[in-house]
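Visitor:
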Amino acid sequence: MLAALLRSRPARYAAGTLAVAVACAVALVIGSRAGQGVSPPSASAAPVLAINGASTSNGPDALLARTLHEVSNKRLDAAVTEVDKIIGAYPNFRLAHLIKGDLLLARARPLTTVGNASGAARGDLDDLRQEARARLTRMQQPRPVDLVPAYMVQMQPEQRHALVVDTARSTLYVFENHGGEAKYVTDYYVSIGKNGTDKYRVGDNKTPLGVYHVTGLLTRQKLSAAYGKSAELYGAGALPISYPNEWDRRKGRNGYGIWLHGVPFDTYSRPPRASNGCVALTNEDFAALSRSVQIGVTPVIIADSVDWVTPGAVRSLRKELAQQVEDWRSDWESRDTDRYLAHYSKTFSTGKTGYKQWVQQKHKVNAGKTWIKVKLDRTSIFLYPGRDDLAVVSFDQDYSSSNLTNRMLKRQYWIKENGAWRILHEGAA
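Right, here's the structure in full:
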């Protein structure tokens, strides 16, 4: 395992030092032989630890970075002072305790792996090693400041925030709505399913990938009333999301109970892969996140790895898709049914009605109308993670005709076929 971890580290962190050997509790960068001597780090090899926007000067990530800074400069006493600050502020942060133990041991002998103290359970140490690795990755590879997630094409006016989960980086990003465009606010370390991502069936312990929305808020009190002692697993509370969505059901995916939630109160955080499929945050971070969420409104996009693009690329796609939606609306109003139906894929389905039935139904319905008016409002557009040819479009639809009026929140899935965007799914949201 050690050799594999050494091979996986970024080249610029390759220099072996006592400091780095101690920092392996977070960096997993250590000497490859027990008792190996170490030399001072070169200036070029010293880690540059970029702290993500979620961190404050006294937050755990910032304190962890300062600890590593002292370690990289071979100031072990100062590093112990910094890690003591973490433990003082977050006494149940198990990783910080492990780092302190290794720092103290390093005064007496070289270290060969994370958690050199004897007697610790191997499974627990493996979990902490994985958390160390994930947290260091967050420090070393912060989000690209001039780019945005490709999925955030257009936020509707009432969506104050959007959440994007990068499962590969164990990170949840929070974005704020600025005139329909997403602006970065903060981010949090998170845990995901024990078996990774791409949930397919109930009980597979995987986290789903897709575009979802927060559907409720379960407080600690509500969880205790519903689950008794088992509610402790969810810590400060839970935010259920809309898995399975329409695309999941189309693909035959099932399951239920996918939440964003806290962690047990006897620990500060959990390993990167520890849940039954949910996304877990520290209780402190969950409390902060829940204040930004609007039930039924806030989107949650879960990706294997975030695709970062320029704001210009997002604006171009927004213009393209917005025009497609407007053409669909206008053609519906025209009562030219064939032109209207040309916007639909031959593989279209409402979940109950296929393309042929849809065509027959629309010809029959439109033949009985003398006029149609369709108004769309509060339109949001999100590109599906892992796909550049699938978009989720939601809007308020105000429909009126010579014999019917209704208003509904509608959701469409548009797919790009042979260079043209067409509707793959349509229904009430």
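Per my numbering, the very first residue in the sequence shown carries number 1064; after that it's consecutive.
Note that beta-carbon positions come from the ideal geometry of N, C-alpha and C, so glycine has one too.
Everything numeric in this text was worked out from a predicted model, so none of it was measured.
(1) By DSSP's criteria, leucine 1303 is part of a beta bridge. Which residues make up the other side?
(2) Is it true that the region 1346 to 1358 meets the region 1372 to 1381, where meeting means three or more beta-carbon pairs spaced less than 8 Å apart?
(3) In this structure, how does DSSP classify alanine 1366 when only helix, strand and coil are distinguished?
(4) Closer than 7 Å, CB to CB, is glycine 1256 near chain B or not?
(5) Return the chain-ordered list of same chain residues with a C-beta closer than 8 Å to the C-beta of glutamine 1390, the five sequence neighbours on each side being excluded.
(6) From serine 1408 to glutamine 1475, what does the alpha carbon distance come to, in whole angstroms?
(7) Please determine, among Val1369, Ala1491, Lys1438 and Ser1412, the residue with the shortest C-alpha to C-alpha distance to arginine 1450.
(8) For the alpha helix (DSSP H) holding histidine 1160, just list the boundary residues, first then last.
(9) From Tyr1153, Arg1392, Leu1126 and Gln1203, pick the residue whose C-alpha is nearest to that of threonine 1144; which is it?
(10) Around the C-beta of arginine 1170, are 16 or more other C-beta atoms found within 10 angstroms, so that it is buried, or is it exposed?
(11) Which runs of the beta strand (DSSP E) at least 3 residues long sit entirely within the region 1243 to 1311? Give them in chain order.
(12) For asparagine 1429, which residues of its own chain have a beta-carbon under 7 Å away from its beta-carbon, when the five flanking residues on both sides are left out?
(13) With distances taken from CA atoms, which of Ile1162, Ser1465, Phe1156 and Pro1154 is nearest threonine 1130?
(14) If you draw a straight line from the C-alpha of alanine 1213 to the C-alpha of alanine 1454, how long is it?
(15) Tell me whether glycine 1151 sits in a helix, a strand or coil according to DSSP, three-state version.
(16) Looking only at its chain, what residues have a beta carbon closer than 7 Å to the beta carbon of alanine 1492, apart from the 5 residues adjacent to it on each side?
(17) My output table needs one value for methionine 1202: the three-state DSSP class, helix, strand or coil.
(18) DSSP three-state call for glycine 1482: helix, strand or coil?
(19) Give the range of the alpha helix (DSSP H) segment to which lysine 1436 is assigned.
(20) Classify glycine 1315: buried if its beta carbon has 16 or more other beta carbons within 10 angstroms, exposed otherwise.
(21) Could you say which of Ser1465, Ile1444 and Ala1483 lies nearest to valine 1274 if we only look at CA atoms?
(22) Looking at C-alpha atoms only, which residue of Glu1396, Phe1411, Trp1484 and Pro1448 is the closest neighbour of aspartate 1021?
(23) For arginine 1196, count neighbouring Cβ atoms within 10 angstroms of its own Cβ and tell me buried if that reaches 16, exposed if not.
(24) If we call anything under 7 Å between Cβ atoms a contact, is valine 1227 one with isoleucine 1364?
Guide: Per the coordinate set shown:
(1) Residue 1303 sits at position 240 when you count from the first residue of the sequence shown. At residue 1303 the sequence reads proline, which differs from the leucine that was named. DSSP lists Trp1322 as partners of proline 1303.
(2) Contact between the region 1346 to 1358 and the region 1372 to 1381 is absent, because fewer than three Cβ pairs lie under 8 Å.
(3) Working through the sequence shown from its first residue, we reach residue 1366 at position 303. Correct three-state label for alanine 1366: strand.
(4) The chain inventory of the structure shown lacks chain B, comprising one protein chain alone.
(5) Here residue 1390 corresponds to residue number 327 of the sequence shown, with the count starting at 1. A small correction: the amino acid at residue 1390 is aspartate; glutamine does not occupy that position in the sequence shown. Taken in chain order, the residues that qualify are His1406.
(6) If you number the sequence shown from 1, residue 1408 lands on position 345. If you number the sequence shown from 1, residue 1475 lands on position 412. Serine 1408 and glutamine 1475: Cα-Cα distance of roughly 12 Å.
(7) What you label residue 1450 is simply residue 387 of the sequence shown in a count that begins at 1. Checked all of Val1369, Ala1491, Lys1438 and Ser1412; the closest Cα to arginine 1450 is Val1369.
(8) Indexing the sequence shown from 1 puts residue 1160 at position 97. First-last of the alpha helix (DSSP H) with histidine 1160: 1157 to 1169.
(9) Start at 1 with the first residue of the sequence shown, and residue 1144 comes out as number 81. The candidate whose alpha carbon is nearest that of threonine 1144 is Leu1126.
(10) Counting from 1 along the sequence shown, the entry for residue 1170 is found at position 107. Exposed: under 16 other Cβ atoms inside 10 Å.
(11) 1244 to 1252, 1273 to 1276 and 1300 to 1303
(12) As a first step, residue 1429 must be located in the sequence shown, where it is residue number 366. The residues are Arg1398 and Thr1400.
(13) In the sequence shown, the residue the question calls residue 1130 occupies position 67. Minimum Cα distance to threonine 1130 is reached at Ile1162.
(14) Along the sequence shown, read from residue 1 onward, the residue named residue 1213 stands at position 150. Along the sequence shown, read from residue 1 onward, the residue named residue 1454 stands at position 391. Each residue's alpha carbon lies about 11 Å from the other.
(15) Residue mapping note: residue 1151 aligns to position 88 of the sequence shown, counting from 1. The answer is helix: DSSP assigns glycine 1151 an H, G or I state.
(16) Here the question's residue 1492 lines up with position 429 in the sequence shown. Hits under 7 Å: Ser1457, Leu1472, Lys1473 and Arg1474.
(17) Within the sequence shown, the letter at position 139 stands for residue 1202. In this structure, methionine 1202 counts as helix in the three-state DSSP scheme.
(18) For this step, residue 1482 is matched to residue 419 along the sequence shown. Here glycine 1482 sits in coil by DSSP.
(19) For the purposes of this step, residue 1436 is taken as the residue at position 373 of the sequence shown. Boundaries around lysine 1436 are those of the beta strand (DSSP E), 1435 to 1446, since no alpha helix (DSSP H) includes it.
(20) Taking the first residue of the sequence shown as 1, we reach residue 1315 at position 252. With fewer than 16 Cβ atoms within 10 Å of its Cβ, glycine 1315 is classed as exposed.
(21) Taking the sequence shown and counting its residues from 1, one reaches residue 1274 at position 211. Checking every option, the nearest Cα to that of valine 1274 belongs to Ile1444.
(22) The chain is shown from 1064 up to 1492; residue 1021 falls before or after that span and cannot be answered.
(23) Within the sequence shown, numbered from 1, the residue matching residue 1196 stands at position 133. The residue in question, arginine 1196, is buried, as its Cβ has 16 or more Cβ neighbours within 10 Å.
(24) For the purposes of this step, residue 1227 is identified with residue 164 of the sequence shown, where counting begins at 1. For the purposes of this step, residue 1364 is identified with residue 301 of the sequence shown, where counting begins at 1. Yes, these two residues count as a Cβ contact at 7 Å.
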